[in-house]
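Visitor: If you read the sequence shown in this note's numbering, its first letter stands for residue 3, the second for the next number, and so on. I'd like to ask you about the structure that follows.
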Amino acid sequence: MITCVVEYVIDPRKIDAFERFGRRWIELVNLHGGTHHGYFLPSEGASDKALALFSFPSLAAYEEYRGLFGVHPDFVEADRIRDESGCVLRYERTFMRPLLPE
Numbered sequence: 003m004i005t006c007v008v009e010y011v012i013d014p015r016k017i018d019a020f021e022r023f024g025r026r027w028i029e030l031v032n033l034h035g036g037t038h039h040g041y042f043l044p045s046e047g048a049s050d051k052a053l054a055l056f057s058f059p060s061l062a063a064y065e066e067y068r069g070l071f072g073v074h075p076d077f078v079e080a081d082r083i084r085d086e087s088g089c090v091l092r093y094e095r096t097f098m099r100p101l102l103p104e
């Protein structure tokens with residue numbers, strides 16, 4: 003299993019758009035072989051940080067999913083939410099492997 007951790011810098015004034023963006027990507031990850039663990043948004047105070055965590059059974063499965071970016075109409079539509087709203091200022095992707103209880 004591989005888990006992708008995405009760290010976002012968001013525009014806090016556009017949190018509604020970011021939530022729409024996040025809900026759509028949760029659906030897409032789950033429909034295309036992954037398990038989305040959710041988006042984690044600022045709770046209180048002024049913050050421009052958000053996180054997303056999702057897993058795929060393998061790096062190969064993740065790469066198959068990534069192959070749909072910019073091609074599959076649902077993926078294009080989901081990215082359009084981000085691009086047109088300007089809710090994401092930048093992001094960084096890190097891959098982790100979970101250490102789970104036995």
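Glycine residues also receive a C-beta, built at the ideal position from the N, C-alpha and C atoms. Please read these numbers as outputs of a predicted model, since none were measured by experiment.
Give the list of continuous beta strand (DSSP E) stretches no shorter than 3 residues that lie fully inside the segment 33-57.
Guide: 37-42
Visitor: Looking at Val-11: is its Cβ nearer than 8 Å to the Cβ of Ala-54?
Guide: no
Visitor: Examine the Cβ distances between the segment 52-72 and the segment 10-24 and report whether three or more of them are shorter than 8 Å.
Guide: yes
Visitor: Phe-116 to Val-78, Cα distance in whole Å?
Guide: Because the chain here runs from 3 to 104, residue 116 falls outside it and cannot be looked at.
Visitor: Kindly give me the distance between the Cβ atoms of Pro-59 and Met-3, rounded to whole angstroms, as I take these residues to be in contact under 8 Å.
Guide: Going by Cβ atoms, the distance from Pro-59 to Met-3 rounds to 6 Å, so yes, they are a contact pair.
Visitor: If you drop the 5 nearest sequence neighbours on each side, which residues of the same chain put their C-beta closer than 8 Å to that of Ser-49?
Guide: Pro-14
Visitor: Name the DSSP bridge partner or partners of Glu-94?
Guide: Glu-9
Visitor: What separation, rounded to the nearest whole angstrom, lies between the Cα atoms of Phe-97 and Ser-57?
Guide: 9 Å
Visitor: Whole angstroms is fine: what's the gap from Arg-84's alpha carbon to Phe-20's?
Guide: 7 Å
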